[in-house]
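**Student:** Can you keep this structure in mind? I'll have questions shortly.
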Amino acid sequence: WSSTDFPWSKKVKEVLNLVFKLNEFRPLQHETINAAMSNEDVILIMPTGGGKSLCYQLPALLKCGVALVVSPLVSLMEDQLMALKALDVPAAMLTATSTKEEVKSIQDAMLNKNGKLKLLYVTPEKLAKSKSFMTKVQKMYGLGRLSLIAIDEVHCCSQWGHDFRPDYKFLGILKGMFPDVPILGLTATSTSRITVDVQKMLCIQGCLVLRASFNRPNLYYEVRTKASSQEECLQAVEDLLKTRYCSQSGIIYTTSIKDCEQLMHGLRNRKLRVGCYHANLEAPLRSKVHAKWLSGEYQAVVATIAFGLGIDKPDVRFVIHYSLSKSMENFYQESGRAGRDNKRAECILMYRLSDVFRISSMVFTQQTGLQNLYRIVEYCLDASRCRRAIIASHFDEAWDSQDCNAMCDHCCKPKERKEMVVTSFCQALYKLISNAAAVDTKLTAQKLLDAWYGKGAANLRDISIPVPKFSRETGEVILAHLLVTGYLQEDFHFTPYSTISYLKRGPKAAAAMSDKHNIIMHISGKSVPL
Ligand code: ADP
Ligand code: ZN
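Residue numbers (the UniProt record's numbering): 63 to 592.
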């Protein structure tokens with residue numbers, strides 16, 4: 063499918079350069095475009111930021127008529143429309159809130175032989191619930207003006223996905239209604255089970271499935287434990303920027319706007335050229351920061367996740383996460399802004415247990431918020447495995463241990479992989495939690511660790527529990543492991559000013575208390591002194 067001998071090949075290249083102002087394709091874009099031009103149904107699995115939109119936008123421009131793009135979120139559609147407008151590509155969207163006039167003018171454009179409209183974004187609800195709209199689409203099809211159907215976030219069709227949306231079920235009728243119009247399903251998350259389910263749902267069994275690799279061979283991954291004092295953390299970043307990344311360009315991600323500003327001021331006080339970027343800054347100021355970074359006036363931008371869309375600087379040499387990301391997907395996408403030029407770049411994640419609870423109290427109300435967060439915590443904890451192997455397994459991709467080429471902290475300095483039985487520690491923590499409950503007290507992770515290490519309030523300590531012989535840092539690692547594997551569980555309480563996370567026994571508590579059960583943790587030989 064990557065051939066350049068198709069009748070449309072010359073045109074494809076021209077549109078890529080002249081309309082989209084891009085020099086070359088990213089992996090699988092060309093293949094997908096050729097398949098869509100050949101009227102093949104395709105499911106494209108590509109990491110977020112990999113460039114999926116181009117795969118339907120470009121064929122939509124070359125084909126006669128209008129492409130229907132089904133997208134679940136109005137905010138995503140708005141972003142797309144803005145980007146297309148900047149490129150002078152005629153596109154529109156129809157949502158539940160479109161006015162009568164908008165609907166009318168779009169419908170005219172759909173049916174008019176000389177209409178210029180090339181892409182029409184709709185929500186799945188619109189297709190499922192508006193009969194009159196579907197009638198118009200059928201008319202358009204009858205006139206030979208329905209060029210292709212793109213379905214974004216196509217995993218939402220599947221019950222097995224993390225994101226099932228009932229309205230996506232309706233999309234199953236499209237193939238029967240428009241048999242010769244190619245369907246292009248796009249997603250960043252799809253196991254083979256989900257893919258098969260999606261094919262069935264859309265009635266495109268056996269269609270072409272293109273799966274881009276999540277592996278970025280030129281990115282070096284490293285995890286560091288953060289020091290406990292603010293000052294030391296700052297020092298660590300300063301050292302990186304002044305020595306390892308001296309005169310190189312990068313991004314530093316923080317969790318909150320407050321952290322973002324603080325870190326920027328801290329680094330500026332240390333004579334570093336950095337700017338900050340977050341949603342509370344006015345648009346012109348944000349553009350200015352972006353421009354100064356592009357020109358090299360700023361070595362780095364300290365940013366929240368608001369810094370993302372449209373960041374295409376090719377020579378980003380480092381991305382530092384000053385705190386955990388919310389999920390592996392977020393981490394992958396944010397760190398993936400490094401090394402777009404395919405030269406070596408580094409992705410460093412700085413992490414500390416207390417970060418987990420700050421973020422958990424922000425995300426726990428989201429449907430899969432906590433599970434997503436715990437997966438990235440596992441990535442941090444497991445220093446006994448190749449970081450890329452963990453990323454690959456998260457994205458359900460096959461992995462060979464030779465593939466890393468020493469491009470992660472683990473493979474760079476391989477350490478012995480050891481097993482550690484932590485059952486008795488888990489039981490000790492349960493006892494401390496019950497003791498506290500008996501005096502009507504709940505324990506945060508820090509208070510629980512204090513009690514375990516014989517510190518803090520006397521009535522929360524327990525002399526029958528031995529004080530650990532290992533460092534508090536190791537104690538934190540064990541606690542985090544018990545949390546992400548379900549032996550401990552967070553219990554959130556609201557106060558007028560914040561949400562507090564307390565710890566309680568997790569769903570696996572019964573197993574942990576039985577004599578026959580061993581809780582085993584993998585650690586790397588040197589990193590954890592026991
Ligand atoms: P996805 O939908 O896969 O998350 P997008 O389609 O939003 O990704 O593209 C992510 C970014 O990559 C956009 O800023 C886009 O302009 C850019 N991009 C896409 N294709 C290319 C390419 N061939 N060369 C350079 N940049 C590209
Ligand atoms: Zn590795």
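The beta-carbon is built from N, C-alpha and C at its ideal position, and this holds for glycine as well.
Considering GLN261, what are the terminal residues of the alpha helix (DSSP H) in which it resides?
**Tutor:** 254-264
**Student:** Just reading off the alpha helix (DSSP H) that ALA345 is part of, what are its end residues?
**Tutor:** ALA345 -> alpha helix (DSSP H) spans 345-357.
**Student:** Could you give the C-beta distance for LYS288 and MET412, rounded to a whole number, given that I count them as a contact under 8 Å?
**Tutor:** 5 Å
**Student:** Mind checking ILE525: buried by the 16 CB within 10 Å criterion, or exposed?
**Tutor:** exposed
**Student:** Can you tell which of THR561, THR506, MET390, ASN521 has the C-alpha that lies nearest to the C-alpha of LEU545?
**Tutor:** THR506
**Student:** Would you mind giving the Cβ-Cβ distance between ILE438 and MET390, rounded to the nearest angstrom? I have them listed as a contact below 8 Å.
**Tutor:** 5 Å
**Student:** Does DSSP classify HIS327 as helix, strand or coil?
**Tutor:** helix
**Student:** Since TYR283 and ARG450 are thought to touch, with beta carbons under 8 Å apart, how far apart are those beta carbons, to the nearest angstrom?
**Tutor:** 6 Å
**Student:** Less than 8 Å separating the beta-carbons of GLU552 and LEU415?
**Tutor:** no
**Student:** Beta-carbon separation of LEU248 and LEU210 under 8 Å?
**Tutor:** Going by beta carbons, LEU248 and LEU210 fall outside the 8 Å limit.
**Student:** Does the Cβ-Cβ distance between ILE527 and ALA490 come in under 8 Å?
**Tutor:** yes
**Student:** Exposed or buried, residue 41, counting other C-beta atoms within 10 Å across all chains shown (16 or more means buried)?
**Tutor:** Within the shown structure, residues of the chain are numbered from 63 to 592, placing residue 41 beyond reach of any answer.
**Student:** Would you grab the beta carbon distance between ALA400 and VAL381 for me? Rounded to a whole angstrom, and I think it's under 8 Å.
**Tutor:** 4 Å
**Student:** At a cut-off of 7 Å, would you count HIS584 as near the ligand ZN, judging by its Cβ distance to the nearest heavy atom?
**Tutor:** no
**Student:** How many Å lie between TRP461 and MET583 at the Cα?
**Tutor:** 22 Å
**Student:** For SER291, which residues from the same chain have a beta carbon less than 8 Å from its beta carbon, with the 5 sequence-adjacent residues on both sides left out?
**Tutor:** Closer than 8 Å at Cβ, skipping near neighbours: no residue.
**Student:** Return the residue from the list MET144, LYS201, ALA158 that minimises the CA-CA distance to ALA171.
**Tutor:** LYS201
**Student:** When we look at the beta-carbon of THR317 and count the other beta-carbons within 10 Å, is it buried (16 or more) or exposed?
**Tutor:** buried
**Student:** Is MET108 near the ligand SAH, with its Cβ less than 7 Å from a heavy atom?
**Tutor:** Among the ligands in the structure shown, the ligand SAH does not appear; only the ligand ADP and the ligand ZN can be found there.
**Student:** With 16 other CB atoms within 10 Å as the buried threshold, where does TYR559 fall?
**Tutor:** exposed
**Student:** Does DSSP put GLN200 in a helix, in a strand, or in coil?
**Tutor:** DSSP places GLN200 in helix when its eight states are reduced to three.
**Student:** If you follow the alpha helix (DSSP H) that ASP471 is part of, which residue opens it and which one closes it?
**Tutor:** 471-474
**Student:** Count the other CB atoms, across all protein chains shown, that sit within 10 Å of the CB of MET99; report buried if there are 16 or more and exposed otherwise.
**Tutor:** buried
**Student:** For ASP417, count neighbouring C-beta atoms within 10 Å of its own C-beta (all shown protein chains included) and say buried if the count is 16 or more, exposed if not.
**Tutor:** buried
**Student:** Along the chain, where does the beta strand (DSSP E) that runs through ASP562 open and close?
**Tutor:** The residue asked about is misnamed: residue 562 is Ile in this sequence, not Asp. Segment 561-567, the beta strand (DSSP E) holding ILE562.
**Student:** According to DSSP, simplified to helix, strand and coil, what is LYS333?
**Tutor:** coil
**Student:** Using a threshold of 7 Å, is the CB atom of GLY401 nearer than that to any non-hydrogen atom of the ligand ADP?
**Tutor:** Result no, Cβ not under 7 Å from the ligand ADP.
**Student:** Quick one: does the C-beta of MET469 sit closer than 7 Å to a heavy atom of the ligand ZN?
**Tutor:** yes
**Student:** Taking contact to mean 3 or more Cβ pairs, one atom from each stretch, closer than 8 Å, check whether the segment 98-116 and the segment 247-267 are in contact.
**Tutor:** yes
**Student:** Should HIS456 be listed as close to the ligand ZN, given that the test is whether its C-beta is under 7 Å from any heavy atom?
**Tutor:** no
**Student:** Could you give the uninterrupted runs of the alpha helix (DSSP H) lying entirely in the segment 459-517, keeping only those of 4 residues or more?
**Tutor:** Counting whole runs of 4 or more residues, the segment 459-517 contains the alpha helix (DSSP H) stretches 471-474, 485-500, 507-514.
**Student:** What three-state label does DSSP hand SER397 in the structure shown?
**Tutor:** helix
**Student:** Taking 7 Å as the cut-off, does the CB of SER115 come closer than this to any heavy atom belonging to the ligand ADP?
**Tutor:** yes
**Student:** Work out the CA separation of LEU208 and GLY177 for me, nearest whole Å.
**Tutor:** 12 Å
**Student:** Check this for me: beta carbons of LEU182 and LEU130, under 8 Å apart or not?
**Tutor:** yes
**Student:** In terms of residue numbering, what span does the alpha helix (DSSP H) encompassing SER455 cover?
**Tutor:** 449-456
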